[in-house]
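Chemist: For the sequence shown, counting from 1, position 211 maps to 211 in the numbering used here; every step adds exactly one. Before we start, here is the structure in question, set down as structure tokens.
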Amino acid sequence: MVSRVIPVDPFDLVIFGGTGDLARRKILPGLFRRFCSGQMPAEARIIGAARSDLDADGYRTMVADAIAEFGGKTLAECGQLPAFLEALDYVMIDARGDQGWAELKTKIRANVITAYYFSVGPGLFGDIAKRLNSWDIADADSRIVVEKPFGRDLASAKELNASLAAEFDETQIYRIDHYLGKETVQNLMAIRFGNLLFEPLWNAQYIDHIQISVAESVGVGGRGAYYDKSGAMRDMVQNHLMQLLCLIAMEPPSKFDPDAVRDEKLKVIRALQPVAPHEMVRGQYGPDGDDPSYREDAGDARSFTESYVALKTQIANWRWSGVPFYLRTGKRLKARTSEIAVVFKELPHSIFEESGDQTQNVLAIQLQPNEGITLDVTIKEPGPGGMRLAHVPLDMTFAETLGDDAEEAPDAYERLIMDVIRGNQTLFMRGDEVEAAWAWTDPIIESWVDRHDVPKVYEPGSTGPEDALALLHRDGRKWRDLAP
Ligand code: BG6
């Protein structure tokens, strides 16, 4: 397949928190990858803005180190690092004070696209937005990019939205959920809306249930202090799993355009049913030999925060009436694997009565690590022996089917940053979407607090707490294997 790289227009991108972890791991290596592929034009400028006492050369050294550490093999071989570093600049800035803002203003050029990436805690979003305007740095075409967590409940998300709306129009605000930048997540839309095959079956008449699993094998590690105030529900379900659910469940938008897509996603979130206490399970990973337990990682021997959550929810509309959506996510599980499985109903009548068990068709969309799609189908087992049936996957693992193009699959962040420059908000969350997601999440978390719910301890390397198995068993179903 031919790759078609269209350079974006020249831009000035300011990264607040430009020395931070996310900038070093994802944003800067991602930009460099787009520079190597020819998508970031030579006239583009990236300006790190942070509290660290650095000059432009010091920043370039830091970025070169970050790319060496996190950039991977392809980047190491790109050979254009000196030219990329030339595009970098740095301003030492105080987000809550006056220092650095006048200098930043002198560095922003007229007649190029300007984007401001808030790679900082949400507590600073309002301060930075305000100063960008009071120092007359941003204009009506500037874009601002904000990271999760976008609040910790509905009230705080509303406050954040209000503080940004006071300074910028919604069309200028890009709320990142990096799951929307993942290759297979976008493929989900291509599969649903680019093929005739699936859409007629995509409803309660043919689909038995849907499973969304995002499993990680690592623990919370050094992020324990942050994570303990959040937990799996806020950290993963309210945003990433919710976005996956929206893409699976939404009605076909009239076109692939930001508001058409986001309107449909919003309708799904608003139609989500509340989750009853017996329809959710929380867990915490225990110790594993010398490896610390969740509570040790969190630094709180009495922490009640969940590192695992599984739940069952339903969508109250015609398409999905009666179809359960089972969601689960957790850390320190058996494998790092993320999958959406659409499990179809059993045949209304089998003509092959003698031929043993019957399975259901399953469309499995594997997000990571091996991006691809399989469709489990029933065929006749080849050779003699009568009409014996076999269940086999029609496999479209992208690395095999698409060859080199799939191996070069871009990181979620780089694609999303290019979309910011292109001014395309389709893969970003709108303010009302985020608020609706919190409106569904809040009562779940409140019910845990009210009931003093204690997470079940699960064994690291397992599939999570036993109770999560029962969540499906009682409905006569079972979770799919967490295979890597
Ligand atoms: C982040 C969460 O948003 O997503 C992390 O804060 C989580 O806790 C991460 O580990 C998972 O992202 P990915 O792309 O590795 O699946």
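By construction, the Cβ of each residue, glycine as well, lies at the ideal position given by its N, Cα and C atoms.
(1) What number of angstroms, rounded off, separates the C-alpha of Glu-279 from the C-alpha of Val-362?
(2) Tell me the DSSP bridge mates of Arg-45?
(3) For Ile-15, tell me which candidate among Ile-108, Tyr-227, Asn-195 has the shortest Cα-Cα distance.
(4) Would you say Asn-239 touches the ligand BG6, meaning its beta carbon is less than 8 Å from a heavy atom?
(5) Got a sec: does the ligand BG6 put a non-hydrogen atom nearer than 8 Å to the Cβ of His-178?
(6) With hydrogens ignored, establish whether the beta-carbon of Asp-235 is closer than 8 Å to any heavy atom of the ligand BG6.
(7) Since Arg-332 and Ser-447 should fall inside the 8 Å C-beta cutoff, what is the C-beta to C-beta distance between them, to a whole number of angstroms?
(8) Could you tell me how far apart the beta carbons of Leu-75 and Cys-36 are, in whole angstroms, since I believe they sit closer than 8 Å?
(9) Between Ser-293, Asp-419, Val-377, Asp-65, which lies nearest to Tyr-458 when the distance is taken from Cα to Cα?
(10) Report buried or exposed for Ala-165, applying the criterion of at least 16 other Cβ atoms within 10 angstroms of its Cβ.
(11) Nearest by alpha-carbon distance to Ala-44: which of Ala-50, Phe-32, Arg-51 is it?
(12) Going by other Cβ atoms of all chains shown within 10 Å of its Cβ, with 16 needed for buried, is Ala-87 buried or exposed?
(13) When you compare the stretch 247-254 with the stretch 267-277, are there three or more beta-carbon pairs, one atom per stretch, that lie closer than 8 Å?
(14) Which of helix, strand or coil does DSSP assign to Glu-407?
(15) Is Thr-378 near Leu-389, with beta carbons less than 9 Å apart?
(16) Only counting the same chain, and skipping five residues up and downstream in sequence, which positions put a Cβ closer than 8 Å to that of Pro-369?
(17) The alpha helix (DSSP H) spanning Pro-29 covers which residue range?
(18) Within its chain, find whatever has a CB closer than 7 Å to the CB of His-240; leave out the 5 residues flanking it on each side and keep chain order.
(19) Alpha carbons only, please: which of Arg-152, Leu-327, Val-275, Arg-328 is nearest the one belonging to Ala-316?
(20) Taking Cβ to Cβ, would you say Val-185 is nearer than 9 Å to Leu-244?
(21) Near Ala-298, which residues of its chain fall below 6 Å by C-beta distance, leaving aside the five closest residues on each side in sequence?
(22) Check for me: the alpha helix (DSSP H) holding Val-420 runs from which residue to which?
(23) When every heavy atom of the ligand BG6 is checked, does at least one fall within less than 8 Å of the C-beta of Glu-183?
(24) Taking 8 Å as the cut-off, is the CB of Arg-223 close to at least one heavy atom of the ligand BG6?
Modeler: Well, looking at it:
(1) 23 Å
(2) Asp-12
(3) Ile-108
(4) Yes.
(5) yes
(6) yes
(7) With 8 Å as the limit, Arg-332 and Ser-447 do not qualify as a contact, their Cβ atoms being about 25 Å apart.
(8) 7 Å
(9) Comparing alpha-carbon positions, the option among Ser-293, Asp-419, Val-377, Asp-65 lying closest to Tyr-458 turns out to be Ser-293.
(10) Ala-165 should be labelled exposed.
(11) Phe-32
(12) So Ala-87 ends up on the buried side.
(13) yes
(14) Because the pLDDT at Glu-407 is just 47, under 50, the model does not fix this residue reliably, and the point stays unresolved.
(15) yes
(16) Arg-336, Thr-337, Pro-484
(17) 28-36
(18) Asp-177, Tyr-179, Val-214
(19) Val-275
(20) Yes; because the gap between Cβ atoms is below 9 Å, this pair is in contact.
(21) Gly-224, Asp-228
(22) 412-422
(23) no
(24) yes
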